[in-house]
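Data first, discussion second: the structure below is written as structure tokens.
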Amino acid sequence: MATVLDSCKTKRDTYRSQITEGCLPLDELLFVQELNYRILVLETFQNFCKTAPVTTDTNVMSYHYQLVDAYMRFLLNERKFGLKTDESGQKRRETAYSALQRVIQDARKRFSSFVPGTQDQYKKCIIQLVNTILPVWLQYRNTYIEINL
Numbered sequence: 740m741a742t743v744l745d746s747c748k749t750k751r752d753t754y755r756s757q758i759t760e761g762c763l764p765l766d767e768l769l770f771v772q773e774l775n776y777r778i779l780v781l782e783t784f785q786n787f788c789k790t791a792p793v794t795t796d797t798n799v800m801s802y803h804y805q806l807v808d809a810y811m812r813f814l815l816n817e818r819k820f821g822l823k824t825d826e827s828g829q830k831r832r833e834t835a836y837s838a839l840q841r842v843i844q845d846a847r848k849r850f851s852s853f854v855p856g857t858q859d860q861y862k863k864c865i866i867q868l869v870n871t872i873l874p875v876w877l878q879y880r881n882t883y884i885e886i887n888l
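The numbering of the sequence shown is the numbering used here, which starts it at 740 and goes up by one.
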């Protein structure tokens, strides 16, 4: 089963072919930009999962989590543009944004006093965190620009 990242890359390759052939409709250009952004975010979180330390050393975990935390906070402020929407669409954006805020706030609370019980607990928790945040983030992004994969 393909991951969202794989699906995004496949769609990007289709767009790249159209660009190379000079036949990309201009109304699709915004979707190309959004797709590139999503791939960047998905790959960054994939890297956080792959590099999550397997340790109980709080200094090592703290440094890694600071990077994850900063990136999560960036998601709340980045790329607040997309297709124009009506009042109903604006409410959907606000609701999705609030959901993303809550998920990130919950994560920050959980990790503010995180003490691992085993060597691999931090890594497992980071993977779980990423698997919780990304679907909510994707729903939020779809309120700006919906990409059918």
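Here a beta-carbon is modelled for each residue, glycine too, at the ideal position from N, C-alpha and C.
- Residue range Thr797 to Leu814 is occupied by the alpha helix (DSSP H) that includes Ala809.
- Bounds of any alpha helix (DSSP H) do not take in Ser852, whose DSSP letter is neither H nor E.
- Taking every protein chain shown into account, the CB of Tyr802 has fewer than 16 other CB atoms within 10 angstroms, so this residue is exposed.
- In the three-state reduction of the DSSP assignment, Glu885 falls in the coil class, being assigned neither a helical nor a strand state.
- Cβ neighbours of Arg847 within its own chain (closer than 6 Å, five residues either side excluded): none.
- Unbroken beta strand (DSSP E) runs of no fewer than 3 residues, entirely contained in the stretch 813-847, are not found.
- Taking the Cα positions, Tyr754 is about 9 Å away from Phe770.
- Following the DSSP letters along the chain, one finds Asp752 inside the alpha helix (DSSP H) bounded by residues Val743 to Thr759.
- Closest in alpha carbon position to Thr783, among Tyr883, Leu873, Leu888 and Asn881, is Leu873.
- Between Tyr879 and Tyr836, the C-beta gap is smaller than 8 Å, which places the two residues in contact.
- In the structure shown, the three-state DSSP call for Cys762 is coil.
- Between the C-alpha atoms of Leu806 and Leu839 there is a straight-line separation of about 18 Å.
- When C-alpha distances from Leu815 are compared across Gln785, Ser756, Arg841 and Leu868, the shortest belongs to Arg841.
- In this structure the stretch 863-873 touches the stretch 779-797; the number of beta carbon pairs closer than 8 Å is three or more.
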